[in-house]
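In the working numbering, the protein residues as written are -3 to 244. These notes are about the structure you will find just below.
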Ligand code: 1GP
């Protein structure tokens, strides 16, 4: 079964949690430790990457160390065309739809395409959309940041992704954002969208995670919260539990 099919299968049972781990922040060993604790706490998939450049060697090493410790699929979340390891199970073949720079819409993707064709990594086409405040992802990707109350623009990008044939839409507030994407935007988009909606950025506690899930997010991503705590398991467990329990 493909990684995407496994995502859809998991979504049949309920909402899912993905842990984003950035080796640029935690290093290979630290990243593998976080992955292990997140795995024990019940996370469903690991996302590996971020906005800061990471060498393929560091990504190779991090993936190897993770795979020694966990039995979860690892999906690359690349910030550029060079942030790829063949050892990952899948890659979000993502386009930053609201970038003002064509490099982030189709340029990095074009650069990586031939290399990817020679690997077994599953490519999962994904439309990536960044909202205010956007943080590093917004700055690096030169995103035309969407306002927290701009439902129309959010919906336009999400539907554009779906009609392009993308398999997922990711609404991003930016790693470390003070607030996540607004619940109203999530609810209104989900009401019209037929592909799964991922929401991430600024989700650090169970109450916020529940609100985002209840608003309609199918997949909830957390990153920073696990990197900043001294007890990853205890911090993630209640967040993951509430996501798994929440219905729309
Ligand atoms: C960033 O959405 C992810 O791409 C996770 O954000 O680090 O704020 O959890 P946080």
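Virtual Cβ for every residue (Gly too), placed ideally from N, Cα, C.
Per DSSP, what kind of secondary structure is residue i in: helix, strand or coil?
i: residue 79; result: coil
i: residue 139; result: strand
i: residue 98; result: helix
i: residue 121; result: strand
i: residue 71; result: strand
i: residue 115; result: coil
i: residue 49; result: coil
i: residue 218; result: strand
i: residue 189; result: coil
i: residue 84; result: coil
i: residue 39; result: coil
i: residue 151; result: helix
i: residue 109; result: helix
i: residue 7; result: helix
i: residue 196; result: strand
i: residue 204; result: helix
i: residue 225; result: coil
Taking residue i and residue j to be in contact with their CB atoms under 8 Å, please state how far apart those CB atoms are, rounded to whole angstroms.
i: residue 65; j: residue 28; result: 6 Å
i: residue 75; j: residue 47; result: 5 Å
i: residue 238; j: residue 212; result: Rounded, the Cβ-Cβ distance is 15 Å, inconsistent with contact.
i: residue 217; j: residue 34; result: 12 Å between Cβ atoms; not a contact.
i: residue 123; j: residue 79; result: Wrong, their Cβ atoms sit about 19 Å apart, outside the cutoff.
i: residue 87; j: residue 117; result: 5 Å
i: residue 223; j: residue 30; result: 7 Å
Between residue i and the rest of its own chain, which residues show a CB-CB distance below 8 Å, the 5 nearest in sequence each way excluded?
i: residue 225; result: 231
i: residue 233; result: 37, 38
i: residue 112; result: 80, 87, 89, 119
With a 10 Å radius around its C-beta and 16 neighbouring C-beta atoms as the bar for buried, classify residue i as buried or exposed.
i: residue 102; result: exposed
i: residue 160; result: exposed
i: residue 14; result: buried
i: residue 53; result: exposed
i: residue 43; result: buried
i: residue 96; result: exposed
i: residue 57; result: buried
i: residue 110; result: exposed
i: residue 91; result: buried
i: residue 119; result: buried
i: residue 62; result: buried
i: residue 98; result: exposed
i: residue 106; result: exposed
i: residue 83; result: buried
i: residue 67; result: exposed
i: residue 186; result: buried
i: residue 214; result: buried
i: residue 18; result: buried
Cβ of residue i less than 8 Å from any chain B Cβ?
i: residue 66; result: Considering every chain present, this structure includes no chain B. It has just one protein chain.
Using CA atoms only, rank isn't needed, just tell me which of the options is closest to residue i.
i: residue 179; options: 57, 172, 167; result: 167
i: residue 176; options: 206, 61, 84, 156; result: 206
i: residue 188; options: 93, 153, 117; result: 153
i: residue 202; options: -3, 184, 219, 235; result: 235
i: residue 72; options: 147, 60, 45; result: 45
i: residue 244; options: 200, 184, 22; result: 184
i: residue 20; options: 60, 222, 51; result: 51
i: residue 32; options: 104, 49, 60; result: 60
i: residue 104; options: 49, 1, 23; result: 49
If you drop the 5 nearest sequence neighbours on each side, which residues of the same chain put their C-beta closer than 7 Å to that of residue i?
i: residue 173; result: 129, 131, 197, 198
i: residue 209; result: 11, 216, 239, 242
i: residue 136; result: 47, 75
i: residue 149; result: 142
i: residue 94; result: 125, 126, 139, 140, 142, 153
i: residue 164; result: 120, 122, 191, 192, 194
i: residue 108; result: 77, 80
Excluding the 5 residues preceding and the 5 following residue i in the sequence, name in chain order all residues of the same chain whose CB lies nearer than 6 Å to its CB.
i: residue 69; result: -1, 41, 85
i: residue 170; result: 129, 130, 131, 133, 134, 197
i: residue 16; result: 43, 217, 219
i: residue 100; result: 92, 137
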